[in-house]
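Below is one structure; the comments refer to it alone.
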DNA sequence: TCTGGGGTCCTAGGACCC
DNA sequence: TCTGGGGTCCTAGGACCC
């Protein structure tokens, strides 16, 4: 058996932990620049607010209904996520953290009452972190995902449920829209519609050769998993990322190269920080910048430039320098840039590096010590405490009007308890 | 005025090898 | 005039996830 633990309306729930008066009230959390709704409490969902709705379009609705609005507070959500993970790790020997708000548990070989297990685990998460979590247990990861969704739909199953009997699975799948199945995306749904496949049960009953022909390997795996045959690997070992991207939309459009350079320098610094944390080197970096695609009356452009590091690098100075060259190459006068980013790819483990025959190893050692010193200063005193001049104030431009405090990650934001 | 950010896996097809 | 067979590696694009 596998379990999926899914935090309900995660970002909204995190905000509520520290604002308990908002329990039972509509809450939404916005994306970068207060752009879109990316999390909604049940009450906000009931008002018709959809995932990804642009904030400016729902502002009226939000004000009329007294919806509590929060700008995204990722340090808080990341910290709450770690707390939930810690509780999950106590419950099972092997945990796969699938996203910031979901984790699979490997229950193979465990001999317990799984229904009890699911409900107890949910209750324990609630007690220790104050986050509501839905725990679904089933014979495959795909079915466990479905089980955890059931917990949210049926009050009787709140917290946790165990789905394993063939007749129960059939009953559930017959009512479960195929579009909500893990691994079935929009494109596949369109194909399936023309074939009259509407529910997970319909999909499960397709002829295997049809599945292979139309949906290739991923669709095949999903088909098998719906039939109770596990074939999606349990990945509890965190692999180093193969690519790292840092990108943002700007609060206001950028028209000059120096302004763009400042933003990109900050993206590059953030990217190299992540790269160094996983002890990798990168062979390729791309900088891109583009205009606002929604403003169709303005001239549009998508500029990008590629830099390569044949020997691999994770050096702060090399990174920022390369990013600045690439920015100059990608930038064109006369456009209003709305979004830019740095993507680094072709990552290798630092230990696997083949040094150049002609490298100046003394200089490389010196550079590495400098980069390591930057890392430790920034870790000890806060990111950006030591930075490059081109980074300006070291902050990425962003509008966040509804920012909540960093309750758990910043001393001055610790909640005060009245006595 | 205002429309998110960050990933992975798979496949087909081209380039290249002997 | 005739023009094989079998393989690997890389890349771009599609599809999907939260």
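In my numbering, the protein residues as written are 1034 to 1452.
Beta carbons: idealized from backbone N, C-alpha and C, even for Gly.
In this text the structure is predicted, and so the values were computed from the model without any measurement.
Is the Cβ-Cβ distance between residue 1073 and residue 1091 less than 8 Å? Taking the first chain and counting its residues from 1, the one referred to as residue 1073 is at position 40. Taking the first chain and counting its residues from 1, the one referred to as residue 1091 is at position 58. The Cβ atoms of residue 1073 and residue 1091 lie no closer than 8 Å to each other.
From the DSSP output, in three-state form, read off residue 1173 for me. Walking along the first chain from the start, residue 1173 turns up at place 140. Of the three classes helix, strand and coil, the one that applies to residue 1173 here is coil, per DSSP.
Given 8 Å as the limit, is there contact between the stretch 1294-1310 and the stretch 1429-1438, that is, 3 or more CB pairs closer than that? Enough Cβ pairs lie closer than 8 Å, so yes.
Here's the rule I'm using: 16 or more other beta-carbon atoms within 10 Å means buried, otherwise exposed. How should residue 1424 be labelled? For this step, residue 1424 is matched to residue 391 along the first chain. By the neighbour-count rule (16 or more Cβ atoms within 10 Å), residue 1424 is buried.
By the DSSP assignment, the alpha helix (DSSP H) with residue 1408 in it spans what residues? Mapped onto the first chain, residue 1408 falls at position 375. Following the DSSP letters along the chain, one finds residue 1408 inside the alpha helix (DSSP H) bounded by residues 1394-1414.
Any heavy atom of the ligand FAD closer than 7 Å to the CB of residue 1231? Inclusion of the ligand FAD in the displayed structure is not the case, the ligand content being empty and no account of it being possible.
Look at the alpha carbon of residue 1269 and the alpha carbon of residue 1187, and state the distance between them as a whole number of angstroms. Position 236 of the first chain, counted from the first residue, corresponds to residue 1269. Position 154 of the first chain, counted from the first residue, corresponds to residue 1187. Roughly 30 Å between the two C-alpha positions.
Just mark residue 1444 as buried or exposed, buried being the case when its beta carbon has 16 or more other beta carbons within 10 Å. Sequence index remark: in the first chain, residue 1444 carries index 411 (1-based). Looking at its Cβ environment, which holds fewer than 16 other Cβ atoms inside 10 Å, residue 1444 is exposed.
Tell me whether residue 1447 is buried or exposed, calling it buried when 16 or more other Cβ atoms sit within 10 Å of its Cβ. Numbered from 1 along the first chain, position 414 holds the residue referred to as residue 1447. Residue 1447 should be labelled exposed.
Ordered along the chain, which non-local residues of its own chain (more than five positions away) have a Cβ less than 8 Å from that of residue 1356? Your numbering for residue 1356 matches position 323 in the first chain. These residues qualify, in order along the chain: 1297, 1298, 1300, 1301, 1318, 1320, 1340 and 1375.
Look at the alpha carbon of residue 1421 and the alpha carbon of residue 1411, and state the distance between them as a whole number of angstroms. On the first chain, position 388 is the one that residue 1421 refers to. On the first chain, position 378 is the one that residue 1411 refers to. Looking at the two C-alpha atoms, the distance is approximately 12 Å.
My output table needs one value for residue 1340: the three-state DSSP class, helix, strand or coil. Your numbering for residue 1340 matches position 307 in the first chain. Of the three classes helix, strand and coil, the one that applies to residue 1340 here is strand, per DSSP.
Tell me, to the nearest whole angstrom, how far the beta carbon of residue 1035 is from that of residue 1139; I am working on the premise that it is less than 8 Å. Reading the first chain from its first residue, position 2 is the one you call residue 1035. Reading the first chain from its first residue, position 106 is the one you call residue 1139. That belief holds up - the Cβ atoms of residue 1035 and residue 1139 are roughly 6 Å apart, short of 8 Å.
Taking the C-alpha atoms as reference points, what is the distance between residue 1287 and residue 1145? As a position in the first chain, residue 1287 is number 254, starting the count at 1. As a position in the first chain, residue 1145 is number 112, starting the count at 1. Approximately 59 Å between the Cα atoms of the pair.
Whole-number beta carbon distance between residue 1407 and residue 1347, since they are thought to touch under 8 Å: Your numbering for residue 1347 matches position 314 in the first chain. Your numbering for residue 1407 matches position 374 in the first chain. About 11 Å; that fails the 8 Å criterion.
According to DSSP, is residue 1196 part of a helix, a strand, or is it coil? What you label residue 1196 is simply residue 163 of the first chain in a count that begins at 1. Here residue 1196 sits in coil by DSSP.
Quick check on the burial criterion: 16 or more other C-beta atoms within 10 angstroms. Buried or exposed for residue 1210? Residue mapping note: residue 1210 aligns to position 177 of the first chain, counting from 1. Residue 1210 comes out exposed.
Nearest to residue 1338 by CA position, among 1330, 1327, 1358 and 1262, is which residue? In the first chain, counting from the first residue as 1, residue 1338 sits at position 305. Of the candidates 1330, 1327, 1358 and 1262, the residue whose Cα lies closest to the Cα of residue 1338 is 1358.
Please work out which residues of its chain come closer than 7 Å, Cβ to Cβ, to residue 1191, disregarding the five sequence neighbours upstream and downstream, and give them in chain order. Numbered from 1 along the first chain, position 158 holds the residue referred to as residue 1191. Scanning its chain for C-beta atoms nearer than 7 Å, with the 5 sequence neighbours on each side dropped, one finds around residue 1191 the residues 1184, in chain order.
Threshold first: 3 residues or longer. Then list the beta strand (DSSP E) segments lying entirely within the stretch 1111-1189, N to C. Assignment of beta strand (DSSP E) within the stretch 1111-1189, counting only whole runs of 3 or more residues, yields 1128-1132, 1135-1139 and 1166-1171 in chain order.
Can you name the start and end residues of the beta strand (DSSP E) that residue 1282 belongs to? By one-based count along the first chain, residue 1282 stands at place 249. Counting along the chain, the beta strand (DSSP E) containing residue 1282 begins and ends at 1277-1287.
Spatial neighbours of residue 1251 within its chain, please: CB distance less than 8 Å, with the 5 preceding and 5 following residues excluded, ordered by chain position. Sequence index remark: in the first chain, residue 1251 carries index 218 (1-based). So the list reads 1216, once near-sequence residues are dropped.
Nearest candidate by alpha-carbon position, reference residue 1281, set 1044, 1228 and 1065: The residue given as residue 1281 occupies position 248 in the first chain. The shortest C-alpha separation from residue 1281 is found at 1065.
For a minimum of 4 consecutive residues, which ranges assigned as the alpha helix (DSSP H) are wholly contained in the stretch 1196-1229? With a minimum length of 4 residues, the continuous alpha helix (DSSP H) runs that stay inside the stretch 1196-1229 are 1199-1208 and 1219-1227.
On the CB-based measure, 16 or more other CB atoms within 10 Å of its CB, does residue 1390 come out buried or exposed? What you label residue 1390 is simply residue 357 of the first chain in a count that begins at 1. Exposed is the call here.
Please determine if the stretch 1128-1135 and the stretch 1146-1156 are in contact, where contact requires at least 3 C-beta pairs separated by less than 8 Å. The count of Cβ pairs closer than 8 Å, one atom from the stretch 1128-1135 and one from the stretch 1146-1156, stays below three, leaving the stretches out of contact.
Determine the direct distance from the alpha carbon of residue 1440 to that of residue 1258, and round the result to whole angstroms. As a first step, residue 1258 is located in the first chain; it is residue number 225 there, counting from the start. As a first step, residue 1440 is located in the first chain; it is residue number 407 there, counting from the start. Here the alpha carbon of residue 1258 sits roughly 41 Å from the alpha carbon of residue 1440.
So does the stretch 1101-1114 actually touch the stretch 1041-1058, counting three or more Cβ pairs closer than 8 Å? Contact between the stretch 1101-1114 and the stretch 1041-1058 is present, because at least three Cβ pairs lie under 8 Å.
How many whole angstroms separate the CB atoms of residue 1070 and residue 1080, which I take to be in contact at a CB cut-off of 8 Å? The residue given as residue 1070 occupies position 37 in the first chain. The residue given as residue 1080 occupies position 47 in the first chain. Not a contact, Cβ separation roughly 11 Å.
So is residue 1393 buried or exposed if we call it buried at 16+ other beta carbons inside 10 Å? What you label residue 1393 is simply residue 360 of the first chain in a count that begins at 1. In the assembly as shown, residue 1393 is an exposed residue. Its beta-carbon has fewer than 16 other beta-carbons within 10 Å.
Work out the CA separation of residue 1436 and residue 1105 for me, nearest whole Å. Indexing the first chain from 1 puts residue 1105 at position 72. Indexing the first chain from 1 puts residue 1436 at position 403. Straight-line Cα distance between these residues: approximately 7 Å.
Which one of 1195, 1219 and 1199 has the shortest CA to CA distance from residue 1169? Working through the first chain from its first residue, we reach residue 1169 at position 136. Of the listed residues, the one whose Cα sits closest to residue 1169 is 1195.
Which same chain residues, not among the five before or five after residue 1236, have their C-beta less than 6 Å away from its C-beta? As a position in the first chain, residue 1236 is number 203, starting the count at 1. Correct list, in chain order: 1211 and 1230.
Which runs of the alpha helix (DSSP H) fall wholly inside the stretch 1300-1325 and span at least 4 residues, in chain order? Within the stretch 1300-1325, no run of alpha helix (DSSP H) at least 4 residues long lies entirely inside it.
Residue 1330 burial status per 10 Å Cβ neighbour count (16 or more: buried): The residue you call residue 1330 lines up with position 297 of the first chain. Label assigned to residue 1330: exposed.
When you compare each of 1401, 1117 and 1395 to residue 1383 by their alpha carbons, which one comes out closest? If you number the first chain from 1, residue 1383 lands on position 350. It is 1401 whose Cα lies nearest to the Cα of residue 1383.
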